[in-house]
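K.L.:
The opening position of the sequence shown corresponds to residue 412 in this note's numbering, with each subsequent residue numbered one higher.
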Amino acid sequence: MSFIDYLQNNPSAFFIYIGLLGLIVGSFLNVVIHRLPIMLEQDWRVQCLEFLGQQEDSADEKPPLTLSKPRSRCPHCNHQIKVIENIPLISYLFLRGRCSGCGASISIRYPLIELLTCLLSLAVAWRFGISSQTAAALLLTWALITLSMIDFDHKLLPDSITLPLLWLGLLLSLWGIFATPESAIVGAVAGYLALWSVFQLFKLITGKEGMGFGDFKLLALFGGWLGWQYLPQIIMLSSLVGAIIGLTLVLLRGRDRNVPIPFGPYLAIAGWISLLWGDRINQAYLNWAGI
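(1) CA-CA distance, N698 and W688?
(2) According to the Cβ coordinates, are G635 and I692 closer than 9 Å?
(3) In chain order, what residues of the same chain have a beta carbon less than 6 Å from the beta carbon of F589, not counting five sequence neighbours either side?
(4) Look up Q491 in the DSSP assignment and say whether it is helix, strand or coil.
(5) Rounded to whole angstroms, what's the CA-CA distance from H487 to S559? Just pull it up for me.
(6) DSSP on R484, reduced to helix/strand/coil?
(7) Out of G618, E593, L630, G587, which has the shortest C-alpha to C-alpha gap to W607?
(8) Alpha carbon to alpha carbon, how far is I684 from S650? Give it in angstroms, no decimals.
(9) I'd like to know whether the C-beta atoms of W553 and L648 end up nearer to each other than 9 Å.
(10) With three or more beta-carbon pairs closer than 8 Å as the criterion, would you say the region 531-544 touches the region 509-523?
(11) With C-beta atoms as the reference, is L478 less than 9 Å away from L500?
(12) Would you mind working out which of G675, Q640, F505, L555 sits nearest I656, comparing C-alpha positions?
(13) Please go through the same chain and pick out, in chain order, the residues whose beta-carbon is closer than 6 Å to the beta-carbon of G625, but skip the five residues on each side of it.
(14) Quick test of your reading: W639 and G580, contact by CB under 8 Å. State the CB separation rounded to the nearest angstrom.
(15) Return the Cβ separation of I361 and V652 in integer angstroms, given the expectation that the two are a contact with Cβ distance under 8 Å.
(16) Please give me, in chain order, every unbroken run of the beta strand (DSSP E) with length at least 3 that falls completely inside the region 518-566.
(17) Going by DSSP in three states, S516 sits in which element: helix, strand or coil?
(18) Got a sec? Which residues, its chain only, sit under 8 Å from G621 by beta carbon, not counting five neighbours each side?
(19) Pick from S594, I672, L663: whose alpha carbon is nearest that of Q641?
(20) Is the region 517-530 close to the region 412-424, with three or more CB pairs under 8 Å?
(21) Nearest-angstrom Cα distance between S532 and L551?
(22) According to DSSP, is R509 part of a helix, a strand, or is it coil?
(23) Among L663, L582, H565, which one has its Cα closest to the Cα of G354?
(24) In three-state terms, what does DSSP make of Q465?
(25) Helix, strand or coil, according to DSSP, for W607 in the structure here?
(26) Mark S502 as exposed unless 16 or more other C-beta atoms lie within 10 angstroms of its C-beta, in which case mark it buried.
(27) Under 9 Å, do T528 and G437 count as touching if we go by C-beta distance?
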């Protein structure tokens with residue numbers, strides 16, 4: 412009996428497997444969320460110096476950073492994180508949220524991202540079961556968590572994540588995983604042009620840039636994965652989510668209304684909802700409208 416056959420015959424084992432996988436991936440996503448922006452900044456710095464024909468001062472030169480090296484360390488005391496101290500959720504609870512070296516507080520965000528990744532992974536598994544859709548949707552879900560947190564921290568949606576997923580969505584359409592090739596191609600083009608047009612119009616009227624080009628690519632990604640039929644739903648849902656979260660931040664945290672709020676996380680939330688329940692939402696709307 413193969414592993415897939417075993418999971419199909421044991422649904423509880425399937426969900427346990429997905430839950431544990433979500434926790435492990437969530438721990439890795441914490442690394443990506445923290446390191447990828449730093450890696451991009453280092454790369455941009457090198458490119459700028461090369462363009463200017465300059466060399467970096469050896470005193471300012473930093474050791475290369477990757478997603479795997481060097482080993483994670485405490486930012487306060489430089490204590491190297493041991494394997495036993497890096498078990499998702501369990502290590503945080505065992506250490507009581509503090510570094511074993513210096514006792515400094517560990518951000519609650521790390522276990523929360525691990526838990527969020529676990530729960531969203533289980534939701535995907537519950538929705539699609541053991542299928543190719545689950546495998547694809549899990550990959551997209553993990554990428555959306557990463558993109559959302561990076562955009563929230565740095566106002567940045569890295570092309571190194573967004574573009575490969577856009578092409579992957581178009582490739583998946585060849586097998587009709589979520590959309591047909593025709594719908595996916597039109598969706599990718601329409602998704603990009605929809606926000607690009609809003610951007611240009613807003614800039615023409617106000618002289619300001621209302622969003623970044625990463626947002627265009629993210630909506631194009633969803634168009635490529637789900638098809639053009641889901642774009643109106645995603646745009647409306649993201650606007651609703653953005654209005655609710657933005658208003659909450661202004662009221663509870665006294666956030667300055669002039670401080671830009673990244674739109675990527677709202678698009679990611681809306682797109683993920685459409686990924687799982689978009690067909691039901693569209694059908695409910697059509698029934699309500701009597702179409």
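We put the beta carbon where it would ideally sit given N, CA and C, even for glycine. Bear in mind that the values here come from a model prediction, so they are computed numbers and not experimental data.
P.N.:
Checking against the coordinates, here is how it stands:
(1) Cα to Cα, N698 sits roughly 15 Å from W688.
(2) No. Outside cutoff.
(3) Within the same chain, Cβ atoms closer than 6 Å to the Cβ of F589 are found at W636, L637, the five residues on either side in sequence being excluded.
(4) Three-state DSSP puts Q491 in a strand.
(5) So the two alpha carbons sit approximately 26 Å from each other.
(6) The three-state reading of DSSP puts R484 in strand, counting E and B together.
(7) It is L630.
(8) Rounded to the nearest angstrom, the two C-alpha atoms are 13 Å apart.
(9) No. Outside cutoff.
(10) With the cut-off at 8 Å, the region 531-544 and the region 509-523 do not touch.
(11) No; because the gap between Cβ atoms is not below 9 Å, this pair is not in contact.
(12) When each option's Cα is compared against that of I656, the closest is G675.
(13) Here G625 has L568 as same chain residues with Cβ atoms under 6 Å from its own Cβ, once five neighbours each way along the sequence are excluded.
(14) About 12 Å separates the two Cβ atoms, so there is no contact after all.
(15) Outside the modelled stretch of the chain, which goes from 412 to 702, sits residue 361, for which no answer is possible.
(16) Within the region 518-566, no complete beta strand (DSSP E) run reaches 3 residues.
(17) Correct three-state label for S516: strand.
(18) Taken in chain order, the residues that qualify are V609, F610, F613, K614.
(19) First, the residue type needs correcting, since residue 641 is Tyr and not Gln in the sequence shown. Residue S594 holds the alpha-carbon nearest to the alpha-carbon of Y641 among S594, I672, L663.
(20) The region 517-530 is not in contact with the region 412-424.
(21) If you take the alpha carbons of S532 and L551, they lie about 10 Å apart.
(22) Note: R509 maps to strand in three-state DSSP.
(23) With the chain covering only 412 through 702, there is no way to say anything about residue 354.
(24) In the displayed model, Q465 falls within coil according to three-state DSSP, outside both helix and strand.
(25) W607 falls in the helix class under three-state DSSP.
(26) Sixteen is the threshold: when 16 or more other Cβ atoms of the shown chains lie within 10 Å of the Cβ of S502, as they do, the residue is buried.
(27) Yes.
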